[in-house]
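One structure below.
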Amino acid sequence: MDTRRHFLKGALSLAAASLIARPSLAADVPEKKSPMDGKWFDISLAQWSLNKAFWNGEKDQMRFAQIAKNEFGVKAVEYVNQFYMKDFSSSVVDELVRVSNGEGVRNVLIMCDNEGRLGDPDETKRSAAVKNHLRWIEMARALGCHSIRVNAASEGKFDEQLKLAADGLRRLTELADTFGISVIVENHGGLSSNGAWLSSVMRLVDHPSCGTLPDFGNFTINREEGETYDRYLGTEQLMPFAKGVSAKTYGFNPEGFEKDLDYARLLEIVKAAGYRGHIGIEWEGSSLDEPTGILMTKKLLQKLGGRV
């Protein structure tokens, strides 16, 4: 505990001194690939894109890898822990491994929610949140994922939340690192949707296995008050730490581009940061059914440099 307090005290001053991200961490993303026919990133499918179908039983979450490949032509997947919490067991993990291996689908990461606040002001609750993620770390290792995606939820003043979130994330990252798994944080509401704040958290954690998962759509800090953060600035601030990227879509114009998000601009920011890993389809609109939204997002990403 004394070591951690010393670490936080010294590191916080460094984080506050500059909001300029270190470009060296862009090398921590999955291996870079030589450009071929303008293709510079791989496309994956986030399980949340089919959340309605999984929740209502229309589709079987145990067959997600099979669905991604056979219905959407995507051979890399991002799981969501919520679909496996109720009946979680080693046999569930074994079956997911069997299905993905059988289909030749790559398991990229697991998105983790509802396991407590890693930046909780209560020390006991913060420690519990760290421990609660252990089963997902173990699942990620079994599946061959490179990361678990977590949330940096906290409360209090700006700097207080900064210190608390960094403490919980540092502890979790040190735990996950012993399993060869990285911990990545999504901009997912509250101060985590403030690019300056979350990039400062990353510098404060200061661990090569802790990074970000920039989501193009999640830059609402306070929905009730209408407080938002510039998505292009935020993406630019988070990309130097990125180990994954979420291509959130809500709807499309007649030309097939996202109607409210400038995807060409967003992907140029991603590319300029040196990122060459997976970019995950995450359809979350209501104007189209889930399969159509997924396929439209896939087509858009392919148009802008994505490969499957």
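Residues -26 to -1, 1 to 282 (mature numbering (1 follows the signal peptide of the UniProt record, and there is no 0)) make up the sequence shown, in order. No residue lacks a Cβ here, since even glycine has one placed at the ideal position from N, Cα and C. Treat the numbers as computed from the prediction; the structure is a model and nothing was measured.
- In the DSSP annotation of this structure, the continuous segment of the beta strand (DSSP E) that includes Asp16 starts and ends at 15 to 20.
- Uninterrupted beta strand (DSSP E) stretches at least 3 residues long and entirely within the stretch 178 to 258 occur at 184 to 187, 194 to 196, 219 to 223, 252 to 257, given in chain order.
- Glu210 is classed as buried because its beta carbon has at least 16 other beta carbons within 10 Å across all chains shown.
- The Cβ atoms of Ala127 and Leu92 lie closer than 8 Å to each other.
- With respect to the 8 Å criterion, Glu256 and Lys222 are classified as neighbours on the basis of their beta carbons.
- For Ala50, the number of other beta carbons within 10 angstroms of its own is at least 16, and it is reported as buried.
- Within 10 angstroms of the beta-carbon of Glu198 lie fewer than 16 other beta-carbons, which makes it exposed.
- For the pair of segments examined, the stretch 258 to 267 was found not to touch the stretch 58 to 70: the number of CB pairs separated by less than 8 Å stays below three.
- In the three-state reduction of the DSSP assignment, Leu274 falls in the helix class, which pools H, G and I.
- Here Arg100 is buried: its Cβ has 16 or more other Cβ atoms, across all protein chains shown, within 10 Å.
- Going by C-alpha positions, Ala103 is about 13 Å away from Ala150.
- Restricting attention to Lys277, Leu278, Gly280, Lys272, the CA atom closest to the CA of Ser23 is found in Lys272.
- Remark: fewer than three beta-carbon pairs, one from each stretch, lie closer than 8 Å, so the stretch 73 to 83 and the stretch 105 to 112 are not flagged as touching.
- Per DSSP, Ala127 lies in no beta strand (DSSP E) segment and is marked neither H nor E.
- DSSP places Arg91 outside any alpha helix (DSSP H), giving it a letter other than H or E.
- Taking the Cβ atoms as the reference, Pro188 lies roughly 6 Å from Asn161, within the contact range of under 8 Å.
- Per DSSP, Ile158 is one residue of the beta strand (DSSP E) stretching across 156 to 160.
- Counting C-beta atoms within 10 angstroms of its own C-beta, Phe38 has 16 or more neighbours from the protein chains shown and is therefore classed as buried.
- In chain order, Ala39, Ala42, Lys43, Lys49, Ala50, Val51 place their CB closer than 7 Å to the CB of Val79, counting only its own chain and leaving out the 5 sequence neighbours on each side.
- Of the residues assessed, Gln276 falls on the exposed side of the cut-off, its CB having fewer than 16 other CB atoms within 10 angstroms.
- Just so you know, the alpha carbons of Leu165 and Gln135 end up roughly 8 Å apart.
- In the three-state scheme derived from DSSP, where H, G and I count as helix and E and B as strand, Asn168 is classed as coil.
- The beta carbons of Val157 and Cys184 sit closer together than 8 Å.
- Here Arg250 is buried: its Cβ has 16 or more other Cβ atoms, across all protein chains shown, within 10 Å.
- In the structure shown, Leu108 adopts helical secondary structure according to DSSP, grouped into three states.
- Ser167 and Leu274 have their C-alpha atoms spaced approximately 24 Å apart.
- Membership of Glu69 in the alpha helix (DSSP H) is indicated by the continuous run 64 to 77.
- For Glu52, the enclosing beta strand (DSSP E) has its first and last residue at 50 to 54.
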